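Engineer: Before I ask anything, here is the structure I am working with.
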Amino acid sequence: MKYIQFENIHKYFGENHVLKGINLGVEEGELATLLGPSGCGKSTLLRCLAGLETVSEGKIYLDGSDITQTDPRKRNIGMVFQQYSLFPNMNVAKNIAFGLHIQKKSREEIEKKVNDVLEMVGLSDKKTQFPRQLSGGQQQRVALARAIVMEPKVLLLDEPLSAIDALLRKNLQTEIRRIQKELNITTIFVTHDQEEAMVMSDTIHLFNQGNVEQSGKPDEIYSKPRTYFAAHFIGRYNILDSQVFNNISGTAFDADKIAIRPESLIFSEEDKTGENGMISMKAEILSQTIRGNIISYRLKVESPKKDIVELNADCLFETNGKYKTGSNIYINIKPDDVILLN
Amino acid sequence: MKKLQNISKWLTAVPLLLLAFMFIAFPLFGMIRDSFLSTEGSVTLANYMEIMSKPVYHSAIRNSLYLSFLSTVIGLAVSFLMALSITQIGERSQGIVQSILNMTSNFAGLPLSFAFVVILGNSGILIAFLSSIGIGILENFNLYSVDGLLLLFIYFQLPLGTLMLLPAFQGVKAEWKEAAELMGASPFYFWIKVGIPVIFSSLADTCSLLFANALTAYATIVMLVTTNVPILAVKITSMFTGEMAQQKELGSALSIVMLLIMFAVICICNILKKSVGKER
Amino acid sequence: MKKAKILPYIILFIACLYLVLPLAVTVIYSFVTGWTEILPDGFTIKYYLQLFDDRRFWPSMFRGIIISIIPILISSTVVILALYTSILYCPKLDRLIQGICMLPNILKGIVLAIPVLSLYAGSDSFLGNRIVMLTFVYCIVILPFVYQGIRNNLRAVNVVQLIEAAQMLGAGKLYAFIKVVVPNMLSGIMVSSLLSMSAIFGDFAIVKIIAGSKYITAQQLLYNSKNLLLQYQSAIVSIMFVSTLLISGAAFAYQNYKTKKDMQ
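Rendered as structure tokens:
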């Protein structure tokens, strides 16, 4: 059994079956991300662990003991919410000290802990300010400080960065990751942003409609999606019916659908079929868009049987910036880069 | 145990419910019951029969309806114009007008009727002033008549109506007007097609409130009402507090009549509000 | 681009003139010795001196204020308690609470007072006491102010999330409500208390119907002076109006101060 273990968790909201038998484990000290579109059940699972929702069926274990029915106050779990969860009537220091007061810690101890944690999140100078005087990013740092000052067994982050603008979000991502590693605190992070999940996580659990669709390390999830949903949600995969792909490429893959990453298409001016087992096809460039140092091409491939397929290809600007819209080229794919989906 | 906990959660809502029950619902039920009782305590329709048969109640109801309807319609129309005008003037003037509205909305009830006596009463200053400079339009004016009272009613409807409508008018975005203008709509067309539908629910609410306000107005008129001009609210009150023999049962019936009129108007306003709301 | 429009100014000027005229004339009239021609005959402050000499005047003014204190306490407490249930356990209840609290916008004055008087006047219990009756009817009268004051203050904060955050830090729901939610309600209660006070001070219908001669407020004093000199009455009206203005002015000033503080 892992440090945190969900066993066959079901949750109903009235008729609505939100969690459909979740089995999931999180190791001590790791940062696990629950990733998925809104309404997939990821936040609900987090709130079940926190004790803010009761599970309809199943068990939750933390550090070896069953906490399914434990009062949220006694679980020793810290949580950071989306935004605006700071108590508006208290200043930064009082917000952070809130839980310590409940634990009846001595004044000196509270003072010291508050100062230490403020230093950790880099807000020592904001100690006496009120939440409304802070930016969104600063407020979330305080919320983080307020959670970790309690030295919780688990830290839960429920889309803490979703309301913060892009540039600041990148900063906070690395900041949260740094603090998490420094304290070696077991953390569960909920987000709908796949890029954010890739940057931050040790492990990603991809959610879809109340089920865990796929679990794995970020690079695994990215490079080896197992299902149509995973491929669709994670990247800008080209997803084709394998029948159609077999027709245009003359191959015989046996799966429901196949996925090809846009950057695994290699361009050439001549047919390379057979070279190192490469799959080669003739294609026409329909359009191109420059995204920084990457060019995205839209390609059209026609099979002998007159199937028409459009594909996306991403190339580095330096190596493949020379192809013109409307020109005909060959695209080559390594068989390993064709991912079979169920 | 669990059940007990559930009940205790509701316990904190009880005081408010109790307060409302004891001092709104229960007394109103008592009033409905009383209206069907004779002075001896038997069940009867005699109170309502009397209201239907005696001219003094007819004229009280007629006067009250006349004042309430007219002051609501005029008050609503002028408030509409005022709120619309406020959104079109400079910011500093807006501040001044709003202060005047806030100030005069506090000027109601008894003090207001005294002020009207000072300017328009039997020895009113405005009347004396106008006749001394040779303008005689107010010479036949009588504050103690129905039309005299109407002027007073309109006075207290204006600040109230305008202050209630103003947020709705401020919610009609300048961008909408500009967009309509660019598509060739006249301001009038814009208000018919966009403006009024948007603020309609506010208009309906204000209408209900102004009507209820006028129908139940007491402090503002009690000093000015004579036996020649009976008004429902004053008539009812005298039946419960009068120095003469109290007529609790008849008064209750008359109150119910007043409440029915009020709720009928509120219902009509709400139906209008819903029907326009659906259209959108 | 912006066209200078003259019509709105004309409309508002006429309307404001109509609104200000009775008020201004009454205040001026309280200072005149007589006014039968175009201009007043002369000015005097003797009516004010006469009024201040009247031993009944100041107590009656204060009675209008004092009678509002207990209703403000009761109504605020009762609404906060009800919101405790609706916020923490049953959001649907909020519709009912709002409905009850907004009812006195329509049912006011005589419609509130007469049924209460009629039902409880003969009662032998404490409810038969006129002052008790008056206090409770005033509790109902001010519900809209109290409810709105509290709600406005809670609108800006996500109450449910704040309570969950407090729970995660080890607080019980009641503790969280008292420590986190109630402080946010209190500044709203400040404003609504002043508005409630001004409403009760301005009431004549209810106090006349329920208390009659048993509790003489300034409003009742004014009513009783109806056969005295007009200037004397004008002086009472002026002082009462200024008092009302001061109370509601304080409410506005406090609200402005608070929004400014929140903006910085």
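Chains A, B and C are the protein sequences, given in the same order. Sequential numbering from 2 applies to the first sequence in our numbering. Sequential numbering from 316 applies to the second sequence in our numbering. Sequential numbering from 1088 applies to the third sequence in our numbering. We put the CB at the ideal spot given by N, CA and C, even for glycine. Since this is a predicted model, take the numbers as computed values, not measurements.
#1: For the segment 69–101 of chain A, which residues have a CB atom closer than 7 Å to at least one CB atom of chain C, in sequence order?
#2: Following the continuous alpha helix (DSSP H) through B/Glu294, name the residue where it begins and the one where it ends.
#3: At a Cβ cut of 9 Å, what residues of the segment 48–60 of chain A count as close to chain C, listed as they run along the chain?
#4: Which same chain residues end up closer than 8 Å to A/Ala284 when comparing Cβ atoms and leaving out the 5 residues on each side of it in sequence?
#5: Give me the chain A residues within the contact set of C/Gly1259, using Cβ-Cβ distance strictly less than 7 Å, ordered along the chain.
#6: Sort C/Gly1289, C/Ile1276 and C/Ala1298 by Cα distance to C/Lys1345 and report the nearest one.
#7: Going by DSSP, name the residue or residues bridged to A/Cys316.
#8: If you draw a straight line from the C-alpha of C/Arg1142 to the C-alpha of C/Gln1307, how long is it?
#9: For a contact meaning CB atoms closer than 8 Å, what does A/Met121 contact in chain C?
#10: Any idea if C/Met1088 is buried or exposed, counting beta-carbon neighbours within 10 angstroms, 16 or more meaning buried?
#11: For my contact list, A/Pro89 and C/Asn1343 are in at a C-beta cut-off of 8 Å; report their separation, rounded to the angstrom.
#12: I need the boundaries of the beta strand (DSSP E) containing A/Met80, first residue and last residue.
#13: Rounded to whole angstroms, what's the CA-CA distance from C/Ala1298 to C/Val1228? Just pull it up for me.
#14: Using the three-state DSSP reduction, which class does A/Lys335 fall into: helix, strand or coil?
#15: By the 10 Å Cβ neighbour count, where 16 or more other Cβ atoms means buried, how is A/Thr326 classified, buried or exposed?
#16: Within 10 angstroms of its Cβ, does C/Ala1169 collect 16 or more other Cβ (buried), or is it exposed?
#17: In chain B, which residues lie with their C-beta within 8 Å of the C-beta of C/Trp1122?
#18: Output the distance between the C-alpha atoms of A/Leu145 and A/Leu101, rounded to the nearest integer angstrom.
#19: Can you have a look at B/Ser368 and say buried or exposed, based on whether 16 or more other CB atoms are within 10 angstroms of its CB?
#20: With a 10 Å radius around its C-beta and 16 neighbouring C-beta atoms as the bar for buried, classify C/Cys1177 as buried or exposed.
#21: At which residue ranges does the segment 1163–1222 of chain C contain complete alpha helix (DSSP H) runs of 4 or more residues, listed in the order of the chain?
#22: Decide if the segment 1219–1236 of chain C is in contact with the segment 1177–1193 of chain C; the criterion is three or more beta carbon pairs, one per stretch, under 8 Å apart.
#23: Under 8 Å by Cβ, that's how I've got A/Gln181 and A/Thr188 pegged, so tell me the actual separation to the nearest angstrom.
#24: A/Arg147 CB to nearest chain C CB: under 8 Å?
#25: How would you call B/Ser501, buried or exposed, if buried means at least 16 neighbouring beta carbons within 10 angstroms?
#26: Determine the DSSP secondary structure at A/Val191, reduced to helix, strand or coil.
#27: In or out: A/Gln236 buried (at least 16 other Cβ within 10 Å) or exposed?
#28: Scan the segment 1236–1249 of chain C for residues whose Cβ lies nearer than 7 Å to a Cβ of chain A and list them as they occur along the chain.
#29: Looking at the structure shown, is B/Ile389 part of a helix, part of a strand, or coil, going by DSSP?
#30: Under 8 Å, Cβ to Cβ, is there at least one residue of chain A near C/Asn1271?
#31: Expressed to the nearest angstrom, what Euclidean distance is found between the alpha-carbon atoms of B/Ser394 and B/Leu587?
#32: In chain order, what residues of the same chain lie with their CB nearer than 7 Å to the CB of A/Lys3, ignoring the 5 residues before and after it?
#33: Where do the N-terminal and C-terminal ends of the alpha helix (DSSP H) with A/Gly327 fall, by residue?
#34: Would a check of beta-carbon distances place C/Met1255 closer than 8 Å to chain A?
#35: Considering only residues of the same chain and omitting the five flanking positions on each side of C/Ser1280, which have a CB-CB separation below 7 Å?
#36: Measuring alpha carbon to alpha carbon, tell me which of B/Ala568, B/Ser517, B/Gly424 and B/Ala529 ends up nearest C/Leu1354.
Structural biologist: In short, the structure shows the following:
#1: Listed by position along the chain: Pro73, Arg74, Ile78, Gly79, Met80, Phe82, Tyr85, Ser86, Phe88, Pro89, Asn90, Phe99 and Gly100.
#2: Chain B is shown from 316 up to 595; residue 294 of chain B falls before or after that span and cannot be answered.
#3: Here the close residues are Arg48, Ala51, Gly52 and Leu53.
#4: Taking the first residue of the first sequence as 1, we reach residue 284 of chain A at position 283. Short of 8 Å from the beta carbon of A/Ala284, and not among the five residues preceding or following it, lie these beta carbons of its own chain, in chain order: Leu300, Lys301, Val302, Leu312, Asn329, Ile330, Tyr331 and Ile332.
#5: Residue mapping note: residue 1259 of chain C aligns to position 172 of the third sequence, counting from 1. Within chain A, the residues near C/Gly1259 are Arg74.
#6: One-based indexing of the third sequence puts residue 1345 of chain C at position 258. The residue with the shortest Cα to Cα distance from C/Lys1345 is C/Ile1276.
#7: By 1-based counting over the first sequence, the position of residue 316 of chain A is 315. In the DSSP assignment, the residues bridged to A/Cys316 are A/Ile296.
#8: Within the third sequence, the letter at position 55 stands for residue 1142 of chain C. Within the third sequence, the letter at position 220 stands for residue 1307 of chain C. Using only the alpha carbons, I get a separation of about 15 Å.
#9: As a working note, residue 121 of chain A is residue 120 in the first sequence. Correct list: empty, because the minimum Cβ distance to chain C is about 18 Å.
#10: Against the third sequence, residue 1088 of chain C aligns to sequence position 1. Residue confidence is low: C/Met1088 scores 39 on pLDDT, short of 50, so the model does not pin down where it sits. Its coordinate-derived value is still stated next. Label assigned to C/Met1088: exposed.
#11: Working through the first sequence from its first residue, we reach residue 89 of chain A at position 88. Working through the third sequence from its first residue, we reach residue 1343 of chain C at position 256. No, A/Pro89 and C/Asn1343 are not in contact; Cβ-Cβ is about 19 Å, not under 8 Å.
#12: Stepping through the first sequence from its first residue, residue 80 of chain A is reached at position 79. Where A/Met80 is concerned, the enclosing beta strand (DSSP E) stretches over Ile78 to Val81.
#13: Reading the third sequence from its first residue, position 211 is the one you call residue 1298 of chain C. Reading the third sequence from its first residue, position 141 is the one you call residue 1228 of chain C. Rounded to whole angstroms, C/Ala1298 to C/Val1228 spans 16 Å at the Cα level.
#14: Translated into the one-based positions of the first sequence, residue 335 of chain A becomes position 334. A/Lys335: coil per DSSP, three-state reduction.
#15: Position 325 of the first sequence holds residue 326 of chain A. Answer is exposed; the Cβ neighbour count stays below 16.
#16: On the third sequence, residue 1169 of chain C is found 82 positions in, with the first residue counted as 1. Around the beta carbon of C/Ala1169, a 10 Å sphere encloses 16 or more other beta carbons of the protein chains shown; the residue is thus reported as buried.
#17: Taking the third sequence and counting its residues from 1, the one referred to as residue 1122 of chain C is at position 35. Within 8 Å Cβ-Cβ: Ile440 and Ala443.
#18: Position 144 of the first sequence, counted from the start, is the residue given in the question as residue 145 of chain A. Position 100 of the first sequence, counted from the start, is the residue given in the question as residue 101 of chain A. Spanning the two alpha carbons is a distance of roughly 15 Å.
#19: For the purposes of this step, residue 368 of chain B is identified with residue 53 of the second sequence, where counting begins at 1. B/Ser368 is exposed by the Cβ-count criterion.
#20: Your numbering for residue 1177 of chain C matches position 90 in the third sequence. Result: exposed.
#21: As summarised for the segment 1163–1222 of chain C, the continuous alpha helix (DSSP H) elements at least 4 residues long and confined to that stretch are 1180–1189 and 1197–1207, given in chain order.
#22: Yes, the segment 1219–1236 of chain C is in contact with the segment 1177–1193 of chain C.
#23: Here residue 181 of chain A refers to the residue found at position 180 when the first sequence is read from its first residue. Here residue 188 of chain A refers to the residue found at position 187 when the first sequence is read from its first residue. At roughly 5 Å, the Cβ-Cβ gap stays under 8 Å, so A/Gln181 and A/Thr188 are in contact.
#24: By 1-based counting over the first sequence, the position of residue 147 of chain A is 146. A/Arg147 counts as touching chain C.
#25: Taking the first residue of the second sequence as position 1, residue 501 of chain B is located at position 186. The residue is exposed, with fewer than 16 neighbouring Cβ atoms inside 10 Å.
#26: On the first sequence, position 190 is the one that residue 191 of chain A refers to. Strand at A/Val191.
#27: In the first sequence, counting from the first residue as 1, residue 236 of chain A sits at position 235. According to the sequence shown, residue 236 of chain A is Gly rather than Gln. By the 10 Å Cβ count, A/Gly236 comes out buried.
#28: Those residues of the segment 1236–1249 of chain C that come within reach of chain A (Cβ to Cβ, closer than 7 Å) are Val1244, Asn1245, Gln1248 and Leu1249.
#29: As a first step, residue 389 of chain B is located in the second sequence; it is residue number 74 there, counting from the start. Helix at B/Ile389.
#30: Residue 1271 of chain C sits at position 184 when you count from the first residue of the third sequence. Yes, contact with chain A.
#31: For the purposes of this step, residue 394 of chain B is identified with residue 79 of the second sequence, where counting begins at 1. For the purposes of this step, residue 587 of chain B is identified with residue 272 of the second sequence, where counting begins at 1. Cα to Cα, B/Ser394 sits roughly 19 Å from B/Leu587.
#32: Here residue 3 of chain A is taken as the residue at index 2 of the first sequence, counted from 1. Within its own chain, the residues whose Cβ lies closer than 7 Å to the Cβ of A/Lys3, once the five positions on either side in sequence are excluded, are Gly26, Val27 and Glu28, listed in chain order.
#33: For the purposes of this step, residue 327 of chain A is identified with residue 326 of the first sequence, where counting begins at 1. Run containing A/Gly327: none; DSSP gives neither H nor E here.
#34: As a first step, residue 1255 of chain C must be located in the third sequence, where it is residue number 168. Between C/Met1255 and chain A, the shortest Cβ-Cβ separation is below 8 Å.
#35: On the third sequence, position 193 is the one that residue 1280 of chain C refers to. Once the five neighbours on either side are set aside, the close Cβ partners of C/Ser1280 are Ile1159.
#36: With chain C represented from 1088 up to 1351, any question about residue 1354 of chain C goes unanswered, as that position is not in the structure.
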